[in-house]
Amino acid sequence: MKRLIFLLAGWGLAVDSVAQTALSEAEVVNRVLANSPALRASDLSIRQTEQLLKGAYAIPNLDVFTDSPTGSFYTVGVNQSFQLPTVYKRQYQLQKQQIGLAQTEKRITENDIRFRVRTLYLALQYAEALGRQYQLQDSLYNQLQLIAGRQFAAGQIDFLAKAFAESQAGEVRNQLGQARADGQTVVRQLQRLSGRPEPILVIPLVRNQSVVSTAPDSVDIGQNPSLALFRQTEVLSEGQIGLERARSLPGITVGYYNQSSSETPTQLRFRFGLTLPVWFGQYRSRTVAAQTGLQLARQRTQNQTQTLSVDLQQAQGDFDKFRVSLDYYETTGLQQAETLITTARRLFQSGQNDYVSYLRTINDAYAIRLRYLDALRNYNQSLLTISYLTGNL
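What follows is the structure, given as structure tokens:
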């Protein structure tokens, strides 16, 4: 049993060693953000919308033509059509709003990346915590398996006790392998996302100390970037209505054209006119469609608000549930597990308990430790989810 004590002490030293060289959550997130093609694509999208800003006015091309008004000579004429200044102003405003949309889409992308990476970081912390726990159990159970084999050969225990010790050792060894495999999978994912092949060490799993209120309506989803995108789409739809209405107004046309002889005074060679929207139905249909687009945008905003609110309520409920569970393990459960292990060891060493009773007791104690790790991971994950939904990652 002294070996178990040394293992526990060695486990603590190993944790300290990892903590000295581990990457913080923020460092891993920054690595992934710096290597993200999705963020680079978002930057290009913003640049593209900014480049389109100068072309937002969209003035029609100049008409240049030749004609023979009298049949005796050719003359050159030019003609230019314009919409009212309101049209160009609204087109410019809409394009600026498109830039805002692209910027908000980048916020959504960054929020999603942060949530994904922080979730992976937590998964790696959990896998390593499980690995340390199962490694501790594996060392102890292997020792017990060897002792049980020798005692069975000496006729000191029956086959059931020996088989039980072997089955428990095999089960723990299997769980240890799964925990290590899970950890390796997460490490490869983080290496792929960060574009860096070196090993990734994380800080040991501890309780997230962030303070969160779970009272009804105490947490605002207004900072969620996806909701901000839908709200900006509403504003864009309102601007589209104004633009379609402005386009239904008369336009202006000016030109230079000599329809008489070459001696015609210059001031009589100019032409001025209006472009009249006589086909009013097409303009009305575009305006009505824009109004429908606004209604659609509002309904989508309401749907997104509803979805986020429900998701947030679920996350807050999970947080409360896991907080109570974690508080129990930290104040009572872990102490009870330690008491079970200490008592079972003493009774086993004194010969008052057999292998089966001893293994069952420490199995129960280690199960408490494993449930504590589950509660700790779930608690931290619920905090991550709340931060993600409120746009505060």
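Residue 343 in this note's numbering sits at position 361 of the sequence shown, and the numbers go up by one each step.
Glycine included, each C-beta is placed from N, C-alpha and C at the ideal position.
DSSP bridge partner residues for residue i (one or two, in chain order)
i, result
"Gln62", "Val236"
"Val46", "Val60"
"Leu5", "Val184"
With 16 other Cβ atoms within 10 Å as the buried cut-off, status of residue i
i, result
"Leu365", "buried"
"Lys(-16)", "With a pLDDT of only 36 at Lys(-16), under 50, the local geometry of the prediction cannot be trusted, and the value read off the model is given with reservation. By the 10 Å Cβ count, Lys(-16) comes out exposed."
"Tyr103", "buried"
"Tyr361", "buried"
"Phe47", "exposed"
"Thr321", "exposed"
"Gln2", "In this prediction, Gln2 has a pLDDT of 48, which is less than 50 and means its spatial position is unreliable; nothing more can be read from the coordinates."
"Ser377", "It is not possible to answer for residue 377, since the shown part of the chain is limited to -17 through 375."
"Ser(-1)", "Its pLDDT being 42, under 50, Ser(-1) is placed unreliably by the model, and the measurement read from it follows with that caveat. Classification for Ser(-1): exposed."
"Asn206", "buried"
"Ala349", "exposed"
"Leu(-10)", "With a pLDDT of only 41 at Leu(-10), under the threshold of 50, the placement of this residue in the model should not be trusted, and no figure is reported."
"Gly165", "buried"
"Tyr311", "buried"
"Gly(-6)", "At Gly(-6), the pLDDT of 41 sits below 50, so the modelled position is not reliable; the number obtained from the coordinates is stated separately. With fewer than 16 other Cβ atoms within 10 Å, it is exposed."
"Asn93", "buried"
"Gln65", "buried"
"Thr86", "buried"
"Tyr56", "exposed"
"Ile(-13)", "With a pLDDT of only 35 at Ile(-13), under 50, the local geometry of the prediction cannot be trusted, and the value read off the model is given with reservation. The residue in question, Ile(-13), is exposed, as its Cβ has fewer than 16 Cβ neighbours within 10 Å."
"Gly373", "buried"
"Arg72", "buried"
"Leu294", "buried"
"Asn43", "exposed"
"Ala130", "buried"
"Leu358", "buried"
"Phe262", "exposed"
"Ala20", "exposed"
"Ala147", "buried"
"Ser50", "exposed"
"Gly152", "exposed"
Span of the alpha helix (DSSP H) around residue i
i, result
"Asp309", "262 to 310"
"Gly137", "Looking at the DSSP string, Gly137 is not in any alpha helix (DSSP H), and its letter there is neither H nor E."
"Gly204", "Where Gly204 is concerned, there is no enclosing alpha helix (DSSP H), given that its DSSP letter is neither H nor E."
"Arg359", "337 to 371"
"Gly152", "141 to 176"
"Val184", "Element bounds for Val184: n/a, residue is neither H nor E."
"Pro19", "19 to 33"
"Phe329", "Per the sequence presented here, residue 329 reads as Leu, with Phe not at that position. Here the alpha helix (DSSP H) through Leu329 covers 316 to 331."
Closest residue to residue i among the options (Cα-Cα distance)
i, options, result
"Ile28", "Ser208, Ala4, Gly255, Lys78", "Lys78"
"Ser149", "Arg229, Gln318, Asp120, Arg213", "Asp120"
"Leu35", "Thr167, Tyr340, Tyr70", "Tyr70"
"Tyr108", "Gly275, Val188, Ser291, Pro207", "Val188"
"Leu175", "Thr3, Leu258, Asn240, Asn12", "Asn12"
"Ala347", "Ala326, Tyr337, Arg359, Asp336", "Ala326"
"Thr313", "Tyr354, Gln30, Ser230, Asp202", "Tyr354"
"Leu112", "Lys88, Asp25, Gln160", "Gln160"
"Gln173", "Asn17, Thr91, Ala151, Asp45", "Asn17"
"Glu110", "Val99, Glu220, Thr57, Gln157", "Gln157"
"Leu256", "Arg268, Gln264, Ile234, Gly275", "Ile234"
"Leu352", "Ala136, Ala151, Leu308, Thr57", "Leu308"
"Leu225", "Leu44, Leu106, Ala272", "Ala272"
"Gly221", "Pro179, Leu276, Ser267", "Leu276"
"Leu15", "Gln80, Gln296, Phe97, Gly37", "Phe97"
"Gly237", "Val58, Thr343, Glu32, Gln127", "Val58"
"Gln211", "Ile182, Leu250, Ser267, Asn285", "Note that residue 211 corresponds to Leu in the displayed sequence, not to Gln. Residue Asn285 is the option with its Cα nearest to Leu211."
"Tyr370", "Phe254, Asp202, Ala20, Val306", "Asp202"
"Gly299", "Gln75, Gln117, Pro232, Ile368", "Ile368"
"Leu83", "Gln33, Asp49, Thr215", "Thr215"
"Leu239", "Asn61, Val10, Thr31", "Position check: residue 239 holds Tyr in this sequence, whereas Leu was assumed. Considering only alpha carbons, the answer is Asn61."
Span of the beta strand (DSSP E), counted from its first residue to its last, around residue i
i, result
"Arg253", "252 to 257"
beta-carbon residue i near the ligand GDP non-hydrogen atom, thresh 7 Å
i, result
"Gly177", "This structure does not include the ligand GDP; it has no bound ligands of any sort."
Chain B within 8 Å of residue i, Cβ atoms only
i, result
"Ile81", "This model lacks chain B altogether, as it is built from one protein chain only."
Whole runs of the beta strand (DSSP E) within the segment 56 to 124, excluding any shorter than 3 residues: Restricting attention to beta strand (DSSP E) runs no shorter than 3 residues, the segment 56 to 124 encloses them at 57 to 64, ordered along the chain.
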